[in-house]
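Below is one structure, written out as structure tokens; the observations come after it.
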Amino acid sequence: MDTTFNLAVAESHSVEPAQWRRIIDLVTGSFADRFARVEPRRAAADFVTGLLADLQIKTSWQLAEQAGHGRPDAMQRLLYRARWDADAVRDDLRQVIVDRFGDPDGVLVVDETGDLKKGVHTVGVQRQYTGTAGRIENAQVGVFLAYASRHGHTLIDRRVYLPKSWTDDPGRCERAGVPDDIAFATRSELADDMITAAVNALVPARWVAADEAYGNNSRLRSELRKLRLGYVLAVSCDHLVPIDAGKTRSRADRLAAGLPATAWTRRSAGDGSKGPRFYDWAWLAYVGADGDPDDDGRHSLLIRRNHTTGELAFYRCWAPGPVTLAQLVRVAGVRWIVEESFQAGKGQVGLDQHQVRRWTSWHRFTTLALAALAVLAICAADARTADRPAQPDMIELTVNEIRRLINVLLIRPTRSIAYRLRWSHWRRRHQARARRAHYARRLTLELQL
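Sequential numbering of the sequence shown, starting at 10, is according to this note's numbering.
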């Protein structure tokens, strides 16, 4: 492949692959010093680049073949046995995002996503509700923190949720490599941990947004007020809202039903893929506190109405100082960016394709996936702000399109037929060994009956 020719053609079409290469190097270089040895350092960079490649499944085997390795050993060591601290790498990535997207009016967004699993050995797996399936399934749930500002957005932190069926079983935790000091924590407590870590790391943020799974949690709301972080948190329709200076409580939907038509105003919650997202909004600017009236802040209830279906959504809001309806509507709309990040994470960089079972390997794979996602987020932000003539007949470069172009212009290698055949032979030999081992185990079990 003539890379020089391809780059020149790309630049003539207002695409900047050379800048994308610099961004890949920036992101992978930000945590290079976390690896004492050259091999895992190179493997980590290859791993992130491979996650950006056009691979149907992004496992150690496929990533190693993509990178030009002769065997998957280096990639597997990176996830399982090499010495490196995934949390330290996470910290480095977070700083890269702060450097590029940091803004005093930034928003921290919390959400969770589930990966459907078979079996009982993957860390954190059990039958539990996951929004991925919309029902109770055998799944592993990760809680994530995103950062959003006018400059861009992406995921910056992650926690795997360990249900009590795990934390109450020390042997099971030991087999999955869960550290001894890890105790049970609710999903809201994991969210609080990540938000507190971001505040301690001086991530510039004024607001927190989350869906009702987190907004209904009074303890999380209290912790955010202690951190002096304003919030716009979705709550359920039956959420009890303090009114009359906290003397009584009323369901959120009943408060909405009693509002006059003049209480509603139409505003955009931000741009979506099809343009501005307009809703009708009502704001009860003064509601009671959550039992801590001395927090010296402004409590309110924000109500969103779909002007087509009439569907309502409710938000408990708090700010340490004066606030406007426009500010709260903006933050409520920002919450959707985490869904975009999950879609890009799973659809573009294999966030849900880890195929690992243990605590350490989950955190390592997920952290490297966040690095690949950061590359796309920064490239997309740069494309939006680039000084080039407007092209009204085309949409802006999306994360999906940038990933495709990175793959075509920067990553896709020209491999020999012999190289591909060597990998085919390796896979078939490995699968033959696995089959023989499986047959041997079955025979042993049958003889014991």
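Don't be surprised by glycine CBs; every beta carbon is placed ideally from N, CA and C. Please read these numbers as outputs of a predicted model, since none were measured by experiment.
Counted within 10 angstroms of its Cβ, other Cβ atoms place Arg313 as buried (16 or more) or exposed: By 1-based counting over the sequence shown, the position of residue 313 is 304. Buried, by the Cβ-count rule.
Proximity below 8 angstroms, CB of Leu406 to CB of Ala381: Here the question's residue 406 lines up with position 397 in the sequence shown. Here the question's residue 381 lines up with position 372 in the sequence shown. No, the pair does not count as a contact, with Cβ atoms beyond the cut-off.
Coarse secondary structure for Thr205, derived from DSSP in three states: Numbered from its first residue, the sequence shown carries residue 205 at position 196. Of the three classes helix, strand and coil, the one that applies to Thr205 here is helix, per DSSP.
Contiguous alpha helix (DSSP H) assignments of at least 4 residues, all confined to the segment 269-297: No alpha helix (DSSP H) of 4 residues or more sits fully in the segment 269-297.
Residue range of the beta strand (DSSP E) that includes Asn147: If you number the sequence shown from 1, residue 147 lands on position 138. Residues 144-158.
Assumed close pair Val338, Ala278 - CB separation to whole angstroms, cut-off 8 angstroms: In the sequence shown, residue 338 corresponds to position 329, counting from 1. In the sequence shown, residue 278 corresponds to position 269, counting from 1. Val338 to Ala278, Cβ: 6 angstroms. Contact.
Where the alpha helix (DSSP H) through Ser350 begins and ends: In the sequence shown, residue 350 corresponds to position 341, counting from 1. Note, Ser350: alpha helix (DSSP H), 346-357.
Three-state class that DSSP yields for Ala41 in the structure shown: The count along the sequence shown starts at 1 and reaches residue 41 at position 32. Secondary structure of Ala41 (DSSP, three-state): helix.
Any chain C beta carbon closer than 8 angstroms to Asp34: The question asks about chain C, but that chain is absent: this structure has only one protein chain.
First and last residue of the uninterrupted beta strand (DSSP E) at Ile240: The sequence position of residue 240 within the sequence shown is 231, counting from 1. The amino acid occupying residue 240 in the given sequence is Tyr; Ile does not appear at that position. Counting along the chain, the unbroken beta strand (DSSP E) around Tyr240 starts and ends at 239-244.
Same chain only: Cβ atoms within 8 angstroms of Lys67, ignoring 5 sequence neighbours per side: The residue you call residue 67 lines up with position 58 of the sequence shown. Counting only Cβ-Cβ distances below 8 angstroms, and skipping sequence neighbours, we find Gly59, Leu60, Val358, Gly359, Gln362.
Stretch pair the segment 321-329 + the segment 128-139: three plus CB contacts closer than 8 angstroms: Segments in contact, no.
Euclidean distance between Cα positions of Glu146 and Pro172: Within the sequence shown, residue 146 is the residue found at index 137, counting from 1. Within the sequence shown, residue 172 is the residue found at index 163, counting from 1. C-alpha separation (whole angstroms): 14 angstroms.
Those residues which DSSP pairs with Arg314 across a bridge: Translated into the one-based positions of the sequence shown, residue 314 becomes position 305. Paired residue(s): Asp289, Leu321.
Local conformation of Tyr170 per DSSP, three classes: To locate residue 170, count along the sequence shown from 1; it is residue 161. Looking at Tyr170 - three-state DSSP - the assignment turns out to be coil, as it is neither helix nor strand.
Residue interval of the alpha helix (DSSP H) (run including Thr369): Here residue 369 corresponds to residue number 360 of the sequence shown, with the count starting at 1. That run of the alpha helix (DSSP H) goes 368-394.
Residue range of the unbroken alpha helix (DSSP H) whose run includes Asp101: Here residue 101 refers to the residue found at position 92 of the sequence shown. Under the DSSP assignment, Asp101 falls in the alpha helix (DSSP H) whose first and last residues are 95-110.
Euclidean distance between Cα positions of Asn416 and Asp63: Counted from its first residue, the sequence shown places residue 416 at position 407. Counted from its first residue, the sequence shown places residue 63 at position 54. Roughly 6 angstroms between the two C-alpha positions.
Residue range of the beta strand (DSSP E) that includes Pro251: Within the sequence shown, residue 251 is the residue found at index 242, counting from 1. Note, Pro251: beta strand (DSSP E), 249-252.
Any non-hydrogen atom of the ligand MN within 7 angstroms of Lys283 CB: For the ligand MN, the structure offers nothing, since it holds no ligand at all.
Distance between Asp120 and Gly354 (C-alpha atoms, nearest Å): In the sequence shown, residue 354 corresponds to position 345, counting from 1. In the sequence shown, residue 120 corresponds to position 111, counting from 1. So the two alpha carbons sit approximately 13 angstroms from each other.
Cut-off 8 angstroms between Cβ atoms - residues of its own chain near Arg366, not counting five sequence neighbours on either side: Here residue 366 refers to the residue found at position 357 of the sequence shown. Result list for Arg366: His130, Thr131, Val132, Ala185, in chain order.
Cβ shell of Leu199 (< 8 angstroms), same chain only, five flanking positions each side left out: As a working mapping, residue 199 is identified with position 190 in the sequence shown. Correct list, in chain order: Val152, Arg168, Tyr170.
Residue environment, Leu310, which counts as buried when at least 16 other CB atoms sit within 10 Å: The residue given as residue 310 occupies position 301 in the sequence shown. It counts as buried.
N-terminal and C-terminal residue of the alpha helix (DSSP H) that Val338 is part of: By one-based count along the sequence shown, residue 338 stands at place 329. Segment 334-343, the alpha helix (DSSP H) holding Val338.
Cut-off 7 angstroms between Cβ atoms - residues of its own chain near Ala446, not counting five sequence neighbours on either side: Counting from one through the sequence shown, the residue named residue 446 turns up at place 437. Same-chain partners within the cutoff: there are none.
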